[in-house]
Amino acid sequence: KTFSGCWTCRDRRVKCDEGRPFCRRCTAARVDCQGYDIKLRWKGSSPDNPAAMSSRNSHRSSLPIVRKPIALPLTRAEVAAIQENLHGAQHETSASSVGMFTNSLHLDFLPAPADQKELIHHWVHFLCSAMSPVARIDSPGHNLLTPIALAGITSVFEETSGEIAVFHGICAAAAYSLSQLRDKNGHFQHLATKHRQLALGHLRWSVESKKSANSESIWAAIHTFFVQEGVRGHAEEWRIHLKGLESLILTNLQLIQKSIVARAVYESYLCLSIMGNVHSDVDLKSLLAKIPDLSIVGPMHGISHSILEIVYHINYLSSSTPMPSPTVLDRLELLLHLQSPGNFATEGLDKCSATILLHCAYTYYYATLIHFQRVLRKAAPDTLQDLVETAIGHLEAIESVGNEPKGCIWSWPCLVISAECTLLRLQTRMLGWYASKERHGFVNLLVARRLSTQVWKQRTVNPERPEDVHWQQLTGGGEYDVIPL
170 KTFSGCWTCR DRRVKCDEGR PFCRRCTAAR VDCQGYDIKL RWKGSSPDNP AAMSSRNSHR
230 SSLPIVRKPI ALPLTRAEVA AIQENLHGAQ HETSASSVGM FTNSLHLDFL PAPADQKELI
290 HHWVHFLCSA MSPVARIDSP GHNLLTPIAL AGITSVFEET SGEIAVFHGI CAAAAYSLSQ
350 LRDKNGHFQH LATKHRQLAL GHLRWSVESK KSANSESIWA AIHTFFVQEG VRGHAEEWRI
410 HLKGLESLIL TNLQLIQKSI VARAVYESYL CLSIMGNVHS DVDLKSLLAK IPDLSIVGPM
470 HGISHSILEI VYHINYLSSS TPMPSPTVLD RLELLLHLQS PGNFATEGLD KCSATILLHC
530 AYTYYYATLI HFQRVLRKAA PDTLQDLVET AIGHLEAIES VGNEPKGCIW SWPCLVISAE
590 CTLLRLQTRM LGWYASKERH GFVNLLVARR LSTQVWKQRT VNPERPEDVH WQQLTGGGEY
650 DVIPL
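Using the working numbering, the first residue of the sequence shown is number 170, and each one after it goes up by one.
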């Protein structure tokens, strides 16, 4: 099992017993078991182990990782072994045996099609709808990612591409979702891990390929990892994928003018970078100016280009030295008040969906007002309870509109609102709202709830200066640093 074992056994070219979290072979030999995870390290980042990487860097671009250093890149034979292991196969697959099937499709090598059928069904009929509060037939999940995945699974097995990485990426996202919702024996968690490994392997090969490095499918493949991180709620990893996407965007920015897929991913990248307050050398203001509106994200989530731009300015000014003058703050606050979303565009939507979208727009509006007051005006949370209550009212209203099941608003406005609750009745309402959203199985929302309650506790401990406790203080690289979408 040198293809599916831990990275230490792969390095040593010995059979691994695949014990978890550390294999017994490494434990008995008293060597460090590097585990089974796989990551990407994007160009420009420094390897965790320069000595181990140097020999490979001479003939392979350094693209790899996410949790512990990876000893070797996945080979095609190893990917084939992972595919077999999805079905519990015990024998190894050699590189030569893979090469025998030059005219076969990736579809032909799915070892357990029933599993993949269930995952894709869950993706199409549940997860795509759950990822946004407004159900639309033109959602990016339905209209953009699924066709790319279809192209990948029907492509020649001998070839790797961003398309097949998208297929495995959405399978991983669906498996993580099912793991949260109804996994009793770890089956879906196992599927999620394997599909994630395959997606990472195909993504790396595609990025390294001059032929496909600038393909829209590469951008889409990275986007599937953002979906995975939202479902499983792991801290920090989304930032690594964001950095990788950023490097591709900067080398091929013109793609957003040619491809609706790239445009959708680009808008999500901007929202992630700005709401996540990601520190980068990139000029996000100029990147935001490249597009006149959020033509794809906006109609799905209720956030406008203007509100996103104001959130950017709030975050930027908060780290400026010296602090901005009262005049500058007054101008920004005036612009913010003028963004009241009463006329938010809802063309093409039925009355119920239009009402939901408008409540979402108001949620972002009030969350941004709260964010401005707390971050720039340094207002005490107690003085903002009217704003907080109004915002909670819009969140609750989304759930009460019509009889159809609702999807989920992004976590950033929810966290901004809930973290500033000081009245017990508002905290209770917010906890009730979080409980109602557990049906979606998004762990990042559970983390947002835990973070909010932690903020409440710290303010109770520090009653003299509650305004000094900010939720942002708890997200810097720790357990609460989950994706804000």
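Think of the CB as a built atom: it goes at the ideal place given N, C-alpha and C, for glycine as much as any other residue.
Which listed residue (the options) has its alpha carbon closest to that of residue i
| i | options | result |
| --- | --- | --- |
| His540 | Glu398, Ala334, Lys412 and Glu636 | Glu636 |
| Val570 | Trp581, Cys529, Glu385 and Ser386 | Cys529 |
| Pro316 | Ile289, Asn631, Val303 and Leu595 | Ile289 |
| Tyr647 | Glu502, Leu463, Asp186 and Glu405 | Rather than Tyr, the amino acid found at residue 647 in this sequence is Gly. It is Glu405. |
| Lys520 | Asp284, Ile567 and Ile472 | Ile567 |
| Leu419 | Val400, Leu457, Met444 and Asp180 | Leu457 |
| Val480 | Arg432, Ala523 and Leu538 | Leu538 |
| His482 | Ile387, Asn421 and Glu502 | Glu502 |
| Gly576 | His291, Phe295 and Lys184 | Phe295 |
| Arg181 | Ala549, Cys195, Leu441 and Glu187 | Cys195 |
| His563 | Tyr531, Gln203 and Ala431 | Tyr531 |
| Ser298 | Cys583, Pro574 and Trp640 | Pro574 |
| Ser580 | Gly204, Pro550 and Arg618 | Arg618 |
| Ser549 | Ser475, Arg634, Met300 and Gln623 | One detail in the question is off: residue 549 reads as Ala in this sequence, not Ser. Nearest option by C-alpha distance: Arg634. |
| Leu505 | Ile476, Glu516 and Ser487 | Ile476 |
| Leu369 | Asn354, Ala342 and Leu350 | Ala342 |
| Pro461 | Thr177, Ser442, Gln426 and Glu377 | Gln426 |
| Gln285 | Leu526, Gln554, Ala304 and Ile322 | Ile322 |
| Leu545 | Ser487, Leu507 and Leu527 | Ser487 |
| Glu478 | Ser442, Leu654, Ala604 and Cys192 | Ser442 |
| Leu592 | Ser324, His448 and Asp555 | Asp555 |
| Leu620 | Thr496, Gln642, His291 and Ala283 | Gln642 |
| Leu463 | Cys178, His474 and Trp176 | His474 |
Residue-level contact to chain C via CB, residue i, 8 Å cutoff
| i | result |
| --- | --- |
| His563 | Structure shown: chain C not included; a single protein chain is present. |
Boundaries of the alpha helix (DSSP H) in which residue i is found, first to last residue
| i | result |
| --- | --- |
| Trp581 | Ser580 to Ala588 |
| Thr422 | Residue identity check: residue 422 is Leu in the sequence provided, not Thr. Counting along the chain, Leu422 falls outside any alpha helix (DSSP H), and DSSP gives it neither H nor E. |
| Pro468 | Val466 to His470 |
| Met599 | Leu593 to Ser605 |
| Met444 | Ile429 to Met444 |
| Cys340 | Gly331 to Arg351 |
| His639 | Where His639 is concerned, there is no enclosing alpha helix (DSSP H), given that its DSSP letter is neither H nor E. |
| Ser621 | Val612 to Val630 |
| Pro495 | Pro495 to His506 |
| Val376 | His356 to Glu377 |
| Pro316 | Thr315 to Ile322 |
| Phe541 | Lys520 to Val544 |
| Pro282 | Pro282 to His291 |
| Asp462 | Segment: none, Asp462 is in no alpha helix (DSSP H) and carries neither H nor E. |
| Gly399 | Glu385 to Arg401 |
| His448 | Neither: His448 is in no alpha helix (DSSP H) and is coded neither H nor E. |
| Leu556 | Gln554 to Ser569 |
| Ser487 | His474 to Ser487 |
Other residues of its chain near residue i: CB distance less than 8 Å, five sequence neighbours each side excluded
| i | result |
| --- | --- |
| Ser215 | Confidence is the limiting factor: at Ser215 the pLDDT is only 40, short of 50, which leaves the residue's position unreliable, though a coordinate-based value still follows. Hits under 8 Å: none found. |
| Ile429 | Leu313 and Ile465 |
| Asp352 | Gln358 |
| Lys547 | Glu636 |
| Ser378 | Thr329 |
| Ile391 | Leu372, His410, Gly413, Leu414, Leu417 and Val434 |
Cut-off 7 Å between Cβ atoms - residues of its own chain near residue i, not counting five sequence neighbours on either side
| i | result |
| --- | --- |
| Ile616 | With the sequence shown as reference, residue 616 is identified as Val, and Ile is not the correct amino acid for it. Within the same chain, Val616 has close Cβ partners Gly402, Tyr649 and Val651. |
| Val557 | Ile539, Ile586, Glu589, Cys590 and Leu595 |
| Thr559 | Tyr535 |
| Ser386 | Ile317, Ser330, Gly331, Glu332 and Val335 |
| Ser265 | Bear in mind that a pLDDT of 37 at Ser265, under 50, signals an unreliable position, so the model cannot answer this. |
| Tyr533 | Gly471, Ile472, Ile476 and Pro582 |
Close-in-space but distant-in-sequence residues of the same chain around residue i (CB under 6 Å, 5 per side omitted)
| i | result |
| --- | --- |
| Ala318 | Val335, Phe336 and Ile339 |
| Asn484 | Asn446 |
| Thr524 | Val570 |
| Ile578 | Pro302 and Cys529 |
| Gly174 | Cys185 and Glu187 |
| His356 | none |
| Trp388 | Ala431 and Val434 |
| Ala258 | Unreliable positioning characterises Ala258 in this predicted model, as indicated by a pLDDT of 34, which lies under 50. The coordinate reading is nonetheless provided below. Closer than 6 Å at Cβ, skipping near neighbours: no residue. |
| Asn522 | Note that residue 522 is Ser in the sequence shown here, rather than Asn. So the list reads Val303, once near-sequence residues are dropped. |
Residue i CB to nearest heavy atom of the ligand COA below 7 Å
| i | result |
| --- | --- |
| Pro632 | This structure does not include the ligand COA; it has no bound ligands of any sort. |
- Touch check for the stretch 331 to 343 and the stretch 382 to 397: three-plus C-beta pairs under 8 Å? Under the Cβ criterion (8 Å, minimum of three pairs), the stretch 331 to 343 counts as touching the stretch 382 to 397.
- Query: Between the stretch 485 to 493 and the stretch 505 to 520, do three or more beta carbon pairs fall short of 8 Å?
  - Reply: Judged by Cβ distances under 8 Å, the stretch 485 to 493 makes no contact with the stretch 505 to 520, as fewer than three pairs qualify.
- Task: Inspect the CB distances between the stretch 355 to 374 and the stretch 312 to 319 and report whether three or more fall short of 8 Å.
- Result: No, because fewer than three Cβ pairs between the stretch 355 to 374 and the stretch 312 to 319 fall closer than 8 Å, the two stretches do not touch.
- Query: At a cut of 8 Å, does the stretch 342 to 357 reach the stretch 599 to 617 through at least three beta carbon pairs?
  - Reply: A contact exists between the stretch 342 to 357 and the stretch 599 to 617.
- Query: Are the stretch 429 to 446 and the stretch 407 to 415 touching by the rule of at least three beta carbon pairs closer than 8 Å?
  - Reply: Yes, since at least three Cβ pairs between the stretch 429 to 446 and the stretch 407 to 415 fall closer than 8 Å, the two stretches touch.
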